[in-house]
Amino acid sequence: MFILLGMPIVQIIIFGFALTNEVKNAKIAILDPSKDAASISLTGELNESRYFDVAQNVFSYNEIEKAFRKGKIKLAVIFPQHFAEDLEHFNKAGIQLIADASDPNVANTLVNYASAIINDYQKRVTDDKKLPYTIDTEMRMLYNPQLKGAYNFVPGVMAMVLLLVCTMMTAITIVKEKELGTMEVMLVSPIQPLMIVIAKAIPYLLLSIINISSILLLSVFVLEVPINGSLVLLVMESILFTLVSLALGLLISSGAGSQQTAMFISLVGMFLPTIMFSGFMFPIENMPLPLRIISNIVPAKWYYSIVKSVMIKGVGLEAIWKETLILAGMMVFFIALAVKKFKIRLE
Amino acid sequence: MRTLKFLLQKEFRQIFRDPSIIRIIFIMPVIQLMILPWAADYEMKNIKLSVVDHDHSDYSRQLVSKITASGYFILTDYHNSYSRSLKSVEQDKSDLILEIPAQFEKALVKENEARLFMALNAINGVKASLGSAYLRSIIQDFNHEIRNEWIQFPRFNPEPSIEIASSNWFNPLMNYKFFMVPGILVILLTMVGANLAAINIVREKEIGTIEQINVTPIKKYHFILGKLIPFWILGLVVLSLGLTISWLVYGIIPSGSFLTIYVFAGIYLLAVLGLGLLVSTYASNQQQAMLISFFLMMIFILLGGLYTSIESMPAWARAITKANPVAYFIEVMRRVVLKGSGLADIWDHLLIVGAFAVGLNGWAVWSYRKRS
Chain A
1079 MFILLGMPIV QIIIFGFALT NEVKNAKIAI LDPSKDAASI SLTGELNESR
1129 YFDVAQNVFS YNEIEKAFRK GKIKLAVIFP QHFAEDLEHF NKAGIQLIAD
1179 ASDPNVANTL VNYASAIIND YQKRVTDDKK LPYTIDTEMR MLYNPQLKGA
1229 YNFVPGVMAM VLLLVCTMMT AITIVKEKEL GTMEVMLVSP IQPLMIVIAK
1279 AIPYLLLSII NISSILLLSV FVLEVPINGS LVLLVMESIL FTLVSLALGL
1329 LISSGAGSQQ TAMFISLVGM FLPTIMFSGF MFPIENMPLP LRIISNIVPA
1379 KWYYSIVKSV MIKGVGLEAI WKETLILAGM MVFFIALAVK KFKIRLE
Chain B
707 MRTLKFLLQK EFRQIFRDPS IIRIIFIMPV IQLMILPWAA DYEMKNIKLS
757 VVDHDHSDYS RQLVSKITAS GYFILTDYHN SYSRSLKSVE QDKSDLILEI
807 PAQFEKALVK ENEARLFMAL NAINGVKASL GSAYLRSIIQ DFNHEIRNEW
857 IQFPRFNPEP SIEIASSNWF NPLMNYKFFM VPGILVILLT MVGANLAAIN
907 IVREKEIGTI EQINVTPIKK YHFILGKLIP FWILGLVVLS LGLTISWLVY
957 GIIPSGSFLT IYVFAGIYLL AVLGLGLLVS TYASNQQQAM LISFFLMMIF
1007 ILLGGLYTSI ESMPAWARAI TKANPVAYFI EVMRRVVLKG SGLADIWDHL
1057 LIVGAFAVGL NGWAVWSYRK RS
């Protein structure tokens, strides 16, 4: 019981805080042979920004390579010999950025942030002489102006935790009765399989409602993810998703031979596909076509998209009716399959 | 020593008697290695762009075709209603809106200055910042071209400017698979090691064969060694299988030495198996063992730095990672495979994982009681 109610809470807290693809506090190294006022002040600005942490001042390319190998830095900034002089006399100075492209996205992001800081510095140092024919770009970040990583990940963690816990809860229940022998009693009674299946789902549904509330409370108050849309809609959709997961668990339970198999399938078998195909870890649009088709079968994918839309974008039912319909369809399908697989005779 | 040999014989027989175990051990890695790297691609491409064009001039059309020619963006719609584009973003049909105001071309040529507006779906912050950076650099390029059409610049540059040259080391093709595959190998080893080892002793408890072993004069450490060694060998076999697949399918050959990888893997396996054994000595039935080992594994893997980087985590989470052997192995794998780090570069990680191995196994041996 503790596991059923406590695990989601622990997981949401741990993953909600720890999982993010934001880039901050990246360790960088500076190679600065000129050490004049300009290079020192630029270094200072890089250090002050929350994206970078100047970890080392190096004096040669060799040291840079070593630092990369030891995993101590992700980016190296290299100034030329006479940085400030070049800037003043020739109006042109070069800075070299070397990124550790083991993680290409992080490398790109770091180069972009560093370039932005350098460009800002340059604009400030030169007086605001505008070049002719300039195109200015104004940017607005919708839904998440502070670019917080939690907005992307917390809905995904919610989907993952709900799916795993609910599926696991019901996955054991039918199989356990088979193993314990109490299934015989139910089989000799005139109760319809559909009734048995539904009766198994309902208590766990109530438990899941407790889980949903604790997850939502934690997300809003501890992880600081707002609920911009209708709370009622969000809760209804969560209940729908819970029903889908419970139904999935019942399906596994009907078909599994032993408790061990049921648990194995529901935990290990659900964990990886949910992470892979729900869209919160890996962008679905990057996947080759066959994998994108598979991701449509994963219920978590639809729920993740619904949660993002309702919680963060704040839209209503008219934007998510398609996903809702798909989830409802999945629930009916899984329950029907579970009833069909429910053997009314003992093996 | 003879007892150990017999124990090993028994263990191997038991393992291979159960066909599902074999299937899990060999098929799971294959499937994961085949599917995961294709799915795990964080590269920013196919960004859906919705263009609102109030100008419909030569320049606006040139800009749009330049953007779509870049390959990063897919044009989802092109019309002149901002609210329709906004709806498109709400329904996740577009990620990014570019609005070109009326009189754009005229303003640029006659008044020397024009504005463009970008609105991005920033729920995924990294995607938004990278997408906006790409778009801005394309716009700047376009700006440059226009400027050169109208002015001839003197050789002496009137504006002080800092030129930034950037280069990417260790993965110049910016191929994401190079980043993910080493990490996936680590996950395979961890799952195989921890889960299987954990279930093993508990199953013996449940079946009852453990009683029989307990009444023999077999020493505790013989028993534990007898459980460790078969799975250790299996783990190394899975590792080799994984390395072969990554070479055959993805063309990834470690820049560093295989010896380094195997040495570290050997010690890491001991640590992970030790964890599994520890769980199984405390669990009383298979369900508990499965639940606990799965729960621990999930935390270790997700916090291990494979999918999200450790530096972005808050301080307390980073402290937890120091106690996470998975994190160390993922680091080491990446360094050895991509950067060619050698034993000298990773000896500190090696020591820490070694300490885990000794600690966990020692605890397992100590806590194993022959009388329950």
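Those protein sequences? They're chains A and B, same order as listed.
Under the numbering used here, the first residue of the first sequence carries the number 1079, and numbering increases by one thereafter.
Under the numbering used here, the first residue of the second sequence carries the number 707, and numbering increases by one thereafter.
Glycine residues also receive a C-beta, built at the ideal position from the N, C-alpha and C atoms.
Hey, out of B:Tyr956, B:Ala820 and B:Ala834, whose CA is closest to B:Leu826's CA? The sequence position of residue 826 of chain B within the second sequence is 120, counting from 1. Nearest C-alpha to B:Leu826: B:Ala834.
Cβ atoms of A:Ser1323 and A:Cys1244: under 7 Å apart, would you say? Counting from one through the first sequence, the residue named residue 1244 of chain A turns up at place 166. Counting from one through the first sequence, the residue named residue 1323 of chain A turns up at place 245. Cβ atoms of A:Cys1244 and A:Ser1323: closer than 7 Å.
In chain order, what are the residue ranges of uninterrupted alpha helix (DSSP H) at least 4 long that sit wholly in the region 1260-1307 of chain A? 1260-1266 and 1271-1295
Between the C-alpha atoms of B:Ile905 and B:Ser999, what's the straight-line distance to the nearest angstrom? As a first step, residue 905 of chain B must be located in the second sequence, where it is residue number 199. As a first step, residue 999 of chain B must be located in the second sequence, where it is residue number 293. Distance between the alpha carbons of B:Ile905 and B:Ser999 is about 9 Å.
Report the neighbours of A:Ala1171 on chain B: residues whose CB is nearer than 9 Å to its CB, in chain order. As a working note, residue 1171 of chain A is residue 93 in the first sequence. Residues of chain B passing the Cβ test: Pro866, Ser867, Ile868 and Glu869.
Through-space distance from A:Leu1309 to A:Ala1406, alpha-carbon basis: By 1-based counting over the first sequence, the position of residue 1406 of chain A is 328. By 1-based counting over the first sequence, the position of residue 1309 of chain A is 231. Roughly 19 Å separates the two Cα atoms.
In whole angstroms, give me the CA-to-CA distance for B:Val978 and B:Tyr988. Numbered from 1 along the second sequence, position 272 holds the residue referred to as residue 978 of chain B. Numbered from 1 along the second sequence, position 282 holds the residue referred to as residue 988 of chain B. Each residue's Cα considered, the two are about 16 Å apart.
Drop a sphere of 10 angstroms on the beta-carbon of B:Thr950, count the other beta-carbons inside from all chains shown, and report buried for 16 or more, exposed for fewer. Here residue 950 of chain B is taken as the residue at index 244 of the second sequence, counted from 1. B:Thr950 comes out exposed.
Report the residue from A:Ser1117, A:Val1300, A:Glu1302 and A:Ser1291 whose alpha carbon sits nearest the alpha carbon of A:Glu1315. Taking the first sequence and counting its residues from 1, one reaches residue 1315 of chain A at position 237. Measuring from the Cα of A:Glu1315, the nearest candidate turns out to be A:Ser1291.
6 Å CB neighbourhood of B:Ala971 in its chain, flanking five on each side removed: Residue mapping note: residue 971 of chain B aligns to position 265 of the second sequence, counting from 1. The answer, listed in chain order, is Leu945.
What's the gap between the Cα of A:Val1410 and the Cα of A:Leu1395? Residue 1410 of chain A sits at position 332 when you count from the first residue of the first sequence. Residue 1395 of chain A sits at position 317 when you count from the first residue of the first sequence. Each residue's alpha carbon lies about 20 Å from the other.
On a Cα-Cα basis, can you pick out the residue from A:Leu1369, A:Met1359 and A:Thr1212 that is closest to A:Ser1383? By one-based count along the first sequence, residue 1383 of chain A stands at place 305. Closest option to A:Ser1383, Cα to Cα, is A:Met1359.
Exposure label - A:Thr1098; buried when at least 16 CB within 10 Å: Residue mapping note: residue 1098 of chain A aligns to position 20 of the first sequence, counting from 1. Buried.
Closer than 8 Å by beta-carbon distance: list the chain A residues that pair up with B:Leu747, in chain order. Locating residue 747 of chain B in the second sequence gives position 41, where the first residue counts as 1. The question names Leu, but residue 747 of chain B in the sequence shown is Asp. In chain order: Phe1360, Pro1361, Asn1364 and Met1365.
Separation of B:Phe929 from B:Ser1073, as counted between CA atoms: Locating residue 1073 of chain B in the second sequence gives position 367, where the first residue counts as 1. Locating residue 929 of chain B in the second sequence gives position 223, where the first residue counts as 1. Near 13 Å, if we compare the C-alpha coordinates of B:Phe929 and B:Ser1073.
DSSP state of A:Val1101, grouped into three classes? Counting from one through the first sequence, the residue named residue 1101 of chain A turns up at place 23. Coil at A:Val1101, not helix or strand.
Any C-beta of chain B sitting closer than 7 Å to the C-beta of A:Thr1121? Taking the first residue of the first sequence as 1, we reach residue 1121 of chain A at position 43. No, A:Thr1121 does not count as interfacial toward chain B.
Apart from the five residues on each side of it in sequence, which residues of its chain come closer than 6 Å, Cβ to Cβ, to B:Asn1067? Position 361 of the second sequence, counted from the start, is the residue given in the question as residue 1067 of chain B. So the qualifying residues of the chain are Gly980.
In whole angstroms, give me the CA-to-CA distance for B:Val1059 and A:Leu1295. Sequence index remark: in the second sequence, residue 1059 of chain B carries index 353 (1-based). Sequence index remark: in the first sequence, residue 1295 of chain A carries index 217 (1-based). Each residue's alpha carbon lies about 38 Å from the other.
A:Ser1356 vs A:Ala1378 beta-carbon contact at 7 Å: Here residue 1356 of chain A refers to the residue found at position 278 of the first sequence. Here residue 1378 of chain A refers to the residue found at position 300 of the first sequence. Result yes, Cβ atoms of A:Ser1356 and A:Ala1378 sit closer than 7 Å.
With three or more beta-carbon pairs closer than 8 Å as the criterion, would you say the region 1156-1170 of chain A touches the region 1110-1124 of chain A? yes
Unbroken alpha helix (DSSP H) runs of length 4 or more, entirely within the region 1207-1266 of chain A: which are they? 1228-1258 and 1260-1266
Taking its Cβ as the centre, do 16 or more other Cβ atoms sit within 10 Å of A:Arg1218, making it buried, or is it exposed? Within the first sequence, residue 1218 of chain A is the residue found at index 140, counting from 1. It is exposed - the Cβ of A:Arg1218 has fewer than 16 other Cβ atoms within 10 Å.
For a test of the three-state rule: what should DSSP assign to B:Thr1014, helix, strand or coil? Looking up residue 1014 of chain B in the second sequence gives position 308. The answer is coil: DSSP assigns B:Thr1014 none of H, G, I, E or B.
Are the beta-carbon atoms belonging to B:Tyr840 and B:Tyr784 less than 7 Å from one another? Within the second sequence, residue 840 of chain B is the residue found at index 134, counting from 1. Within the second sequence, residue 784 of chain B is the residue found at index 78, counting from 1. No, they are not a contact pair.
Would B:Lys855 and A:Thr1212 qualify as a contact pair, given that the criterion is a beta-carbon distance under 7 Å? As a first step, residue 855 of chain B is located in the second sequence; it is residue number 149 there, counting from the start. As a first step, residue 1212 of chain A is located in the first sequence; it is residue number 134 there, counting from the start. Just to set this straight, residue 855 of chain B is Glu in the shown sequence, not Lys. Cβ atoms of B:Glu855 and A:Thr1212: not closer than 7 Å.
Relative to chain B, which residues along the region 1094-1128 of chain A have a C-beta separation below 9 Å, given in chain order? Phe1095, Ala1096, Leu1097, Thr1098, Asn1099, Glu1100, Val1101, Lys1102, Asn1103, Ala1104, Lys1105 and Leu1120
Work out the CA separation of A:Arg1370 and B:Glu811 for me, nearest whole Å. As a first step, residue 811 of chain B must be located in the second sequence, where it is residue number 105. As a first step, residue 1370 of chain A must be located in the first sequence, where it is residue number 292. Near 41 Å, if we compare the C-alpha coordinates of A:Arg1370 and B:Glu811.
Verify the contact flag: A:Gln1224, CB atom, against every heavy atom of the ligand SAM, threshold strictly below 6 Å. The ligand SAM is not part of the structure shown, which contains no ligands of any sort.
Pick helix, strand or coil for A:Ile1390, following the three-state DSSP scheme. Working through the first sequence from its first residue, we reach residue 1390 of chain A at position 312. Correct three-state label for A:Ile1390: helix.
Positions along the region 790-802 of chain B whose CB lies within less than 7 Å of some CB in chain A: Val795, Glu796, Gln797 and Asp798
Do you know offhand how far A:Asn1364's Cα is from B:Glu749's? Against the first sequence, residue 1364 of chain A aligns to sequence position 286. Against the second sequence, residue 749 of chain B aligns to sequence position 43. Roughly 8 Å between the two C-alpha positions.
Counting only Cβ-Cβ distances shorter than 9 Å, please list the residues of the region 1219-1230 of chain A near chain B, keeping chain order. Met1219, Leu1220, Tyr1221, Asn1222, Pro1223, Gln1224, Leu1225, Lys1226, Gly1227, Tyr1229 and Asn1230
If you measure from the beta carbon of B:Lys911 to each beta carbon in chain A, is any gap under 7 Å? Within the second sequence, numbered from 1, the residue matching residue 911 of chain B stands at position 205. Not an interface residue.
Exposed unless 16 or more other CB atoms sit within 10 angstroms - verdict on B:Trp938: Within the second sequence, numbered from 1, the residue matching residue 938 of chain B stands at position 232. It is buried - the Cβ of B:Trp938 has at least 16 other Cβ atoms within 10 Å.
Go to A:Gly1172, then tell me how far its beta strand (DSSP E) extends in each direction, as first and last residue. Locating residue 1172 of chain A in the first sequence gives position 94, counting from the first residue. Residues Lys1170 to Asp1178.
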